[in-house]
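As they're listed, the protein sequences go chains G and V. The opening position of the first sequence corresponds to residue 1 in this note's numbering, with each subsequent residue numbered one higher. The opening position of the second sequence corresponds to residue 118 in this note's numbering, with each subsequent residue numbered one higher. Note that the Cβ used here is the ideal one computed from N, Cα and C, for glycine as well.
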Amino acid sequence: MSFKHYGSRKSGSIGWLLQRITGIFLIFAMVGHYILMHYTPETGHSYEQSVARFSSVYWKMFYLTFISLGLWHGLNGVWSILRDFKMKPWLAITLYGIIVISGFAFWVLGVSTALKF
Amino acid sequence: MKVEKTHEGYFKLVASYRKETGGWAWIIHRISGLALTAYLYVHIYALSNLTKGKEAFDAEMALFQKPLFKFLEWLLFAFVLAHTLNGIRIVLVDFGRGSYYQKKAFAYLMIIGVIAFLVMGYFIFSHEISQIFAGLI
């Protein structure tokens with residue numbers, strides 16, 4: 001990515017499309033997530049039930065997808081907000097670096113939690 | 118090409134725009150999006166405690182049952198609702214014929230949002246609410 005004209009060199013159309021596709025996934029995932037977490041306090045918040053979910057292959061696959069797409073959607077959104085500002089190249093590189101590195105670090109943290117069980 | 122610097126700052130510029138439905142939806146979407154991304158980091162960090170065993174996790178969950186955290190959770194739901202429902206509107210505008218009815222769609226979706234927010238408030242505080250009524254009778 002060229003940071004000298006970071007706002008203009010690429011159209012950003014792939015990011016735009018993926019932002020919508022991940023967004024549509026997150027609508028359904030979020031509805032399910034909220035029902036599960038708040039239908040009863042036990043289903044959502046007890047240690048046993050949480051571990052039982054992370055121990056199931058299907059739940060694990062769901063959570064890995066949820067973490068990955070959720071983080072990507074959020075951080076791509078943050079970056080597209082930042083792209084609206086006229087940033088100096090050094091600032092753009094720094095902020096982009098913070099987004100990528102912190103996003104990757106938290107993705108690893110989330111994935112390692114899900115894979116532990 | 119040299120880009121001329123605007124005299125106003127970004128926020129002053131945005132504030133000066135005449136805002137209709139879309140303008141407000143755009144602002145709400147950005148603020149809620151930033152808040153939700155920040156929350157997602159906290160959420161992943163908090164749940165990583167799951168690997169530290171039952172005691173550490175249960176102690177953390179007990180903390181989140183405190184009224185302050187319940188209230189914050191309710192507030193979080195407002196951000197989730199605003200972002201999700203307006204996200205539906207954005208998808209309809211971009212992929213469907215949403216531009217013909219986006220103002221109406223925004224109004225209806227926000228009404229749904231307010232109702233869902235209140236219903237969720239009942240679920241989150243159902244214990245407290247039933248205690249209040251138990252005290253009255």
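The Cβ atoms of F223/V and T138/V sit closer than 8 Å to each other. In this model, I93/G and L18/G are separated by some 22 Å (Cα to Cα). C-alpha of R206/V to C-alpha of G252/V: approximately 44 Å in a straight line. Counting only residues of its own chain and dropping the five nearest sequence neighbours on each side, L91/G has no CB closer than 6 Å to any other CB. F106/G carries a helical assignment under DSSP once its states are collapsed to helix, strand and coil. Residues of chain V with a Cβ closer than 7 Å to the Cβ of K88/G do not exist; the shortest Cβ-Cβ separation is about 12 Å. By the CB criterion at 8 Å, K171/V and Y47/G fall inside the cutoff. Listed along chain V, the residues sitting closer than 8 Å to V78/G by beta-carbon distance are G150, L151 and T154. Against chain G, the beta carbon of Y127/V has neighbours under 7 Å at F85, listed in chain order. Using a Cβ-Cβ distance cut-off of 8 Å, the stretch 58 to 77 of chain G and the stretch 143 to 155 of chain V are in contact, since at least three pairs of beta carbons, one from each stretch, lie closer than that value. With the rule of 3 Cβ pairs closer than 8 Å, the stretch 29 to 46 of chain G does not count as touching the stretch 162 to 169 of chain V.
Residue-level contact check: I145/V does not touch chain G, since none of the beta carbons of chain G fall below 8 Å from its beta carbon.
At a C-beta separation below 7 Å, R53/G has no neighbours in chain V, since its nearest C-beta there lies roughly 10 Å away. Inclusion of L95/G and L109/G in the CB contact set at 8 Å is not warranted, their separation being larger than that value.
For the pair of segments examined, the stretch 181 to 200 of chain V was found to touch the stretch 230 to 247 of chain V: the number of CB pairs separated by less than 8 Å reaches three. Between I67/G and I161/V, the CB-CB gap stays under 8 Å.
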